[in-house]
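Q: Structure incoming, see below.
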Amino acid sequence: MSYQNPKIAETAETLRQRFTELTVKTDILKAVELKALYAEIPTLSNDQRASFGQEINQLKSELESMVNGHQPEAEKLLPIDVTAPFDRNISLDKHPTLLPAENGSKHPLIIEIERIADIFYRMGFEVIESREIDDEYHMFTALNFPEGHPARDDYDTFMTVQKDKNGHPLVAPAHTSTMQHRVLKTQKEKLEKGEPIAVVIPDRVFRNEDLDATHEHTFHQIEGIYVGKGVHAGMLIATLKTYLKEYFGEDLQVKLQPFYFPFTEPSFELAVERPSILRKDDSEEQKWLELLGCGMIHPNVLKMAGIDPEIYTGFAWGQGVERMVMMKNGIEDIRHFQSGKLEFLRQFV
Ligand code: DAH
């Protein structure tokens, strides 16, 4: 845009330059130079006044369109606060319509986690949440995975670029077992007082998976830990059987198959007789449902937490939540859980 009047042309140049330097772009509309030009109008002769006034208005529109044109750019530059409520990072004109809070409902996974946690709570277990970022020590070392051991590859997850003080990246935990060391270490005084450590830990876990109908990068597990004097595998079976009876409302047979986990010795996979609600037919494959990994806590895991394995023993288990919820509700694709789709979620209200 060019201006005939030299004074206006000069002011336009100054203001364009200033605009590039301003942090609050709308301040340009309050520039004293612009006000001074307006103040000059009454001093002008009648025939000058019209063209002068027109050019000032033009300049004002130019500045306004600079401000408006800049808006999307300013928006892009705003840092996104990922912890803010979702509408904070969006400008007001694009404000999404929020659903009334009373129309909200619990996520089907949360409903299930609360049911399971409640059963264990009534059995005397404390409920503690896991964490969604952890370190190599809690993910592997404290769970008796030797450095470079191939078993580490079974737990391929996401890592940060940033390294911790030992030069390892931080990890998005691939299982809730990362909490075992913390729980054992912080609760070991209970053992000295003659009380057991009894904790369940539900939370999100993460794996670097190829995604399909049965594999997600983010899913949920519930970990269980029980340590005390004279704790043995029979108590592990009794605890899990009691839980399953309460959960399915049926007294179901269970079987333990030998398995391998570095943090338990011996290690098992527990299969439960498929409850009637989850059984499609009478075939042998339909009879058993492999439900969870479990075992007697490895002496090294206890030792690393400062618990003497000669005096105390314990058991632990870890169960995935999604598969169970899918079977119970006939959900065919695990990706629905994270989709946030209301058509899906509203079925569980
Ligand atoms: N963390 C194991 C997994 O995700 C599951 C598991 C197995 C947990 C045995 C345990 C356990 O506490 O004792 O594959």
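All the letters of the sequence shown, read from the start, carry residue numbers 1316 to 1664 under our numbering. Cβ coordinates follow ideal geometry from the N, Cα and C atoms, glycine included. Only a predicted model underlies this, so the values are computations on that prediction, with no experimental measurement involved.
(1) Tell me whether residue 1562 sits in a helix, a strand or coil according to DSSP, three-state version.
(2) Nearest to residue 1580 by alpha carbon, out of 1454, 1459 and 1323?
(3) Could you tell me whether the Cβ atoms of residue 1620 and residue 1496 are closer together than 8 Å?
(4) Could you give the distance in angstroms between the alpha-carbon of residue 1366 and the alpha-carbon of residue 1323?
(5) From what residue to what residue does the beta strand (DSSP E) around residue 1316 run?
(6) Return the chain-ordered ranges of every alpha helix (DSSP H) run that is complete within the segment 1470–1508 and spans a minimum of 4 residues.
(7) Report the rounded CA-to-CA distance for residue 1737 versus residue 1586, giving the unit in angstroms.
(8) Based on Cα-Cα distance, which residue from 1485, 1419, 1344 and 1425 lies nearest to residue 1474?
(9) Given a cut-off of 8 Å, decide if residue 1423 and residue 1663 are closer than it, judged by their beta-carbon atoms.
(10) With a threshold of 16 other CB atoms inside 10 Å of the CB of residue 1357, please say whether the residue is buried or exposed.
(11) Among 1575, 1514, 1536 and 1508, which residue has its Cα nearest to the Cα of residue 1544?
(12) For the alpha helix (DSSP H) containing residue 1595, name the first residue and the last one.
(13) If you draw a straight line from the C-alpha of residue 1652 to the C-alpha of residue 1330, how long is it?
(14) Taking the C-alpha atoms as reference points, what is the distance between residue 1650 and residue 1613?
(15) Since residue 1514 contacts residue 1536 with CB under 8 Å, what's their CB separation in whole angstroms?
(16) Who are the near neighbours of residue 1490 in its chain, counting only those whose CB is closer than 8 Å to its CB and skipping five residues on each side?
(17) Between residue 1607 and the rest of its own chain, which residues show a CB-CB distance below 7 Å, the 5 nearest in sequence each way excluded?
(18) Sorted by chain position, which residues of the same chain lie with C-beta nearer than 8 Å to residue 1443's C-beta, five sequence neighbours on each side aside?
(19) Of all the alpha helix (DSSP H) runs that stay within the bounds of the segment 1607–1654, which reach a length of 4 or more residues?
(20) Report whether the distance from the Cβ of residue 1435 to the nearest heavy atom of ligand 1 is below 7 Å.
(21) Per DSSP, which one or two residues make a beta bridge with residue 1582?
(22) Using CA coordinates, which residue listed in 1626, 1528, 1592 and 1611 is at the minimum distance from residue 1643?
(23) Does the count of Cβ pairs from the segment 1344–1353 and the segment 1362–1378 closer than 8 Å reach three?
(24) Give me the Cβ distance between residue 1622 and residue 1503, rounded to the nearest whole Å; I'm assuming they're in contact under 8 Å.
(25) When the Cα of residue 1657 is compared with those of 1432, 1421, 1447 and 1554, which residue comes out closest?
(26) Between the C-alpha atoms of residue 1348 and residue 1449, what's the straight-line distance to the nearest angstrom?
(27) Using 10 angstroms around the beta-carbon of residue 1482, count the other beta-carbons present and answer buried if the total reaches 16, otherwise exposed.
(28) For residue 1611 and chain B, any beta-carbon pair shorter than 8 Å?
A: Reading it off the structure:
(1) In this structure, DSSP gives residue 1562 a helical state, which the three-state scheme calls helix.
(2) Comparing Cα-Cα distances from residue 1580 to each of 1454, 1459 and 1323, the minimum goes to 1459.
(3) yes
(4) Taking the straight line joining both Cα atoms gives about 11 Å.
(5) Segment: none, residue 1316 is in no beta strand (DSSP E) and carries neither H nor E.
(6) Every unbroken stretch of the alpha helix (DSSP H) spanning 4 or more residues and falling wholly within the segment 1470–1508 is given here in chain order: 1495–1507.
(7) The requested residue 1737 is not part of the displayed model; the chain covers only 1316 to 1664.
(8) 1485
(9) yes
(10) exposed
(11) 1508
(12) Unbroken run through residue 1595: none, as it is neither H nor E.
(13) In a straight line, the C-alpha of residue 1652 is about 53 Å away from that of residue 1330.
(14) 35 Å
(15) Residue 1514 to residue 1536, Cβ: 14 Å. No contact.
(16) 1470, 1520, 1536, 1538 and 1633
(17) Counting only Cβ-Cβ distances below 7 Å, and skipping sequence neighbours, we find 1585, 1632, 1633 and 1634.
(18) 1494, 1498, 1514, 1515 and 1516
(19) Correct list: 1614–1619, 1637–1644 and 1651–1654.
(20) no
(21) 1574 and 1610
(22) Of the candidates 1626, 1528, 1592 and 1611, 1592 places its Cα closest to the Cα of residue 1643.
(23) yes
(24) 5 Å
(25) Selected option, being the one with the closest Cα: 1421.
(26) 57 Å
(27) exposed
(28) The chain labelled as chain B is not found in the depicted structure, where only one protein chain is given.
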